[in-house]
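Undergrad: There's a structure below that I have some questions on.
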Amino acid sequence: MKPWKIALIGLGSVGRGVGKVLKGDPRFIIVAAADSKSGILDPAGIDLEAALAMKKKTGLCGDPAWSSFRIACEADYDILIEVTPTNVVTGEPALSTIKTALQRSKHVVTSNKGPVALASNELLRIAAENNVGFLYEGTVAGAVPIIRGIQYGLAGNKIKALYGVLNGTCNYILTRMKEEDLTYEQALSEARDLGYAEANPTSDVNGTDAAIKLVIIANTLLGMNVKLADVKCTGISELTVDALKMADENGRSIRLIATLNPEKNILEVSPRLLSQDNPLVVSGTLNAITVETEYAGPITFIGRGAGSVETASAILADLLFIEEKYG
Amino acid sequence: MRILRANDGQCNGTLINHVIYDNPYPFQKEELLITRGICVQKNVRTSLRLELKDKPGQLLAAIEPISKIGANVITISHQRDTKSKTGNLIVNIVISLPEARLPELIDVLRKNEVAVVRIGTEYLTCTKTFILIGHILHTDLTDTVNRIDKKNVAEVTELQLIMPGIAERSTAKLTIKAGGEAEMINAISLLKEIALEKHLLIIDEIGGDL
């Protein structure tokens, strides 16, 4: 059987992880790749390591004439993998790239939250009209299979409520504040040093990142039609060490929890008190999601919510889903 | 320790002439609502501390009369390891039933050799803990507490405050007890309103439906 031809858009951390995961896999061949300034095409298969070495040396992975959008429009591929950084305001340039690929009847797999949070209904409609797959498991909780876990694993169950630790950076900061009596600023600085927090961590610590993921879950799994502005958001930057200590003395922990309750119309991200034996009280950068269901009761998913190879694991699962369904 | 009624029997929906309380039963007269001569009894939450002999069938001897009399069991706490000084097992039960039926229940329990060692009316059975961060004292703490406190509806029952420095934000642990879920939802809503007005960060607890 002929391998699936892949166009890989984005050669950052997740793009490199995808390269690692797909290396040597006979089912897939990367025939096109693009960074933010250039692109490279080779129907026989791209040597991604050489392209990355070139990018490191020159700042470009290939020819500036081949932008990611041009690759989406003109290249010969079966599946487009879009893993560029998130833009939550417009979703661009990823949104146009994804739309174009779907309109050309190409499957799309993405870990980019922006386009999915802003336009999931439209993108899923275009995909259905063109009989192709649009999959986005990596957008929420990295390696944790929450999208397909709810969609297929819990099929038929009404989702009564969902509580999630959806941001590893915040969870790391809260864990360290409690463990080592660090102030918020000290824990954030440590998270930056270890690469768990971005140079500008605003969207993590103010709850926006978790809120975007909540919007994706609400719209794509619960049939809601909500926007980021509909999520009531409170971050962790105002938390004091005393608050974590008081919680601890009373057998509780504080975590940044994304809450979704369709019946009560609750869509919220805020620091919450939880009993220490609650499975959502995870350490470090882990993510955890408890789904309260009609028949199955509460189910909790726990795992690595970010990272290069971890997110690539979700992308690989999406690719194999496409192979099974459309192959 | 009896409630005497002119026309004894079932009180619910029945015309009565008068009600005489022969205390010390721990419930209040306001709980009995009399409308146009019809006595409508409101269920009262009552906590009972029972002591049972450590032998088979004793728990059933305690539970069965409660069920038969039509009381709703709110909570039961029974730990085999916890015993009274006399070696009896201790069971704490919170029930909800019309107050006039309580003496009848106590009589049956005692006939079943279940010792009722404590009876208390539980008005505030729903508890939630919060953490507040901000200038808690300087935004009039008394006002914050007073606005939540409503007798027999919701009350602030515990407050622990840490103030690390004059200009620094303080942190407080606040416990609210309320008469039920509806009352607690109202108290939380009020607390959130106060927090918004006084620029306090409120961290509430995940638990139950609240």
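Chain order of the listed sequences is G and L.
All residue numbers for the first sequence refer to our numbering, where the first residue is 891 and numbers rise by one.
All residue numbers for the second sequence refer to our numbering, where the first residue is 7 and numbers rise by one.
Note that beta-carbon positions come from the ideal geometry of N, C-alpha and C, so glycine has one too.
The model shown is predicted, which means the values in this text are computed figures rather than measured ones.
Residues of chain L with a CB under 7 Å from the CB of V1130(G): which are they?
TA: The amino acid at residue 1130(G) is misidentified as Val; the sequence shows Thr. Under the 7 Å cutoff, chain L gives I139, R175 and T177.
Undergrad: DSSP beta-bridge partners for T135(L)?
TA: According to DSSP, T135(L) bridges with T181(L).
Undergrad: Can you give the Cα-Cα distance for R960(G) and S1010(G), rounded to whole angstroms?
TA: Looking at the two C-alpha atoms, the distance is approximately 23 Å.
Undergrad: Could you spell out the range, first to last residue, of the alpha helix (DSSP H) harbouring Y1074(G)?
TA: Start and end: Y1074 to D1083.
Undergrad: For N1140(G) and chain L, any beta-carbon pair shorter than 9 Å?
TA: Yes - at least one Cβ of chain L is within 9 Å of the one on N1140(G).
Undergrad: Let me know if Q64(L) comes out buried or exposed under the rule of 16 or more other beta-carbons within 10 Å of its beta-carbon.
TA: Buried.
Undergrad: Please identify the residue among D968(G), A962(G), Y967(G) and R994(G) whose C-alpha is closest to the C-alpha of P983(G).
TA: Of the listed residues, the one whose Cα sits closest to P983(G) is A962(G).
Undergrad: With 9 Å as the threshold, decide whether the Cβ of G214(L) is near any Cβ in chain G.
TA: Confidence in G214(L) is poor, its pLDDT being 47 and thus under 50, which makes the residue's placement unreliable; the coordinate value appears in the next sentence. So no, G214(L) is outside the interface.
Undergrad: Identify the contact partners of I1192(G) in chain L, using a Cβ-Cβ distance below 8 Å as the criterion.
TA: By Cβ distance, chain L contributes nothing, its closest Cβ being about 16 Å from I1192(G), past 8 Å.
Undergrad: Can you give me the C-alpha to C-alpha distance between L1210(G) and E1070(G), rounded to a whole angstrom?
TA: Computed Cα separation, rounded: 43 Å.
Undergrad: At which residues does the beta strand (DSSP E) containing P1256(G) begin and terminate?
TA: An answer regarding residue 1256(G) cannot be provided, because it is not within the stretch 891 to 1217 covered by chain G.
Undergrad: Applying a beta-carbon distance threshold of less than 9 Å, which residues of chain L neighbour M1136(G)?
TA: In chain order: I137, Q166, I168, T177, A178 and K179.
Undergrad: For a cutoff of 9 Å on Cβ pairs, would you count L196(L) as touching chain G?
TA: Taking Cβ atoms only, chain G never reaches closer than 9 Å to L196(L), which makes this a no.
Undergrad: Report the partner residues of Y1053(G) according to the DSSP bridge assignment.
TA: T1149(G) and T1180(G), per the DSSP bridge assignment.
Undergrad: Given that a residue counts as buried once 16 or more other Cβ atoms are within 10 Å of its Cβ, and exposed if not, what is E1200(G)?
TA: It is buried - the Cβ of E1200(G) has at least 16 other Cβ atoms within 10 Å.
Undergrad: Just to confirm, are T1059(G) and E1088(G) a CB contact at a threshold of 9 Å?
TA: For T1059(G) and E1088(G), yes; Cβs fall inside 9 Å.
Undergrad: Between the C-alpha atoms of K1154(G) and A965(G), what's the straight-line distance to the nearest angstrom?
TA: Going by the C-alpha atoms only, they are around 47 Å apart.
Undergrad: What span of residues does the beta strand (DSSP E) with L197(L) cover, start to end?
TA: Counting along the chain, L197(L) falls outside any beta strand (DSSP E), though it belongs to the alpha helix (DSSP H) covering E187 to E203.
Undergrad: Considering only their Cβ atoms, is the gap separating L1014(G) from D1208(G) smaller than 9 Å?
TA: Cβ distance not < 9 Å, so D1208(G) and L1014(G) don't count as in contact.
Undergrad: Whose C-alpha, out of G1187(G), K1215(G) and T976(G), is nearest the C-alpha of N1047(G)?
TA: N1047(G) has its Cα closest to that of G1187(G), out of G1187(G), K1215(G) and T976(G).
Undergrad: Would you call the CB atoms of I1144(G) and L1118(G) closer than 9 Å?
TA: Contact: no.
Undergrad: Rounded to a whole number of angstroms, what is the C-alpha to C-alpha distance between T1190(G) and K1135(G)?
TA: Taking the straight line from one Cα to the other gives about 26 Å.
Undergrad: Straight-line CA distance for K892(G) to R917(G)?
TA: One C-alpha to the other measures close to 8 Å.
Undergrad: Answer with yes or no whether the minimum CB distance from N1168(G) to chain L is below 9 Å.
TA: Yes - at least one Cβ of chain L is within 9 Å of the one on N1168(G).
Undergrad: Between L207(L) and chain G, is the shortest Cβ-Cβ distance under 9 Å, so that the two count as touching?
TA: Chain G, which has a Cβ nearer than 9 Å to the Cβ of L207(L), makes this yes.
Undergrad: Give a yes or no on whether the C-beta atoms belonging to D1120(G) and L1157(G) are separated by under 9 Å.
TA: Yes, these two residues count as a Cβ contact at 9 Å.
Undergrad: Strictly under 9 Å for the Cβ-Cβ distance: is T980(G) near chain L by that measure?
TA: Judged by the 9 Å Cβ criterion, T980(G) is not in contact with chain L.
Undergrad: Can you list, in chain order, the residues of its chain whose CB lies under 8 Å from that of K910(G), leaving out five sequence neighbours each side?
TA: So the list reads S1198, V1199 and A1202, once near-sequence residues are dropped.
Undergrad: Under three-state DSSP, which class holds T243(L)?
TA: Coverage of chain L is limited to positions 7 through 216, which leaves residue 243(L) absent and any answer about it impossible.
Undergrad: Looking only at C-alpha atoms, which of T133(L), I101(L) and L167(L) sits nearest to V50(L)?
TA: Comparing Cα-Cα distances from V50(L) to each of T133(L), I101(L) and L167(L), the minimum goes to I101(L).
Undergrad: What number of angstroms, rounded off, separates the C-alpha of S926(G) from the C-alpha of G1174(G)?
TA: One C-alpha to the other measures close to 31 Å.
Undergrad: At the 9 Å Cβ level, is T948(G) part of the contact set with chain L, yes or no?
TA: For T948(G), the answer is no, since every Cβ of chain L falls outside 9 Å of its Cβ.
Undergrad: Between the beta-carbon of A991(G) and the beta-carbon of G952(G), is there less than 9 Å?
TA: Their beta carbons are not under 9 Å apart, which means A991(G) does not touch G952(G) by this criterion.
Undergrad: Could you please tell me which residues of the segment 1058-1091 of chain G, in chain order, have their CB closer than 8 Å to any CB of chain L?
TA: Flagged: no residues at all.
Undergrad: Please state whether the Cβ-Cβ distance between K996(G) and I1102(G) is less than 9 Å.
TA: No, the Cβ-Cβ distance between K996(G) and I1102(G) is not below 9 Å.
Undergrad: Just curious, the beta strand (DSSP E) that T1092(G) is in, first and last residue?
TA: Note, T1092(G): premise wrong, no beta strand (DSSP E); alpha helix (DSSP H) at T1092 to V1095.
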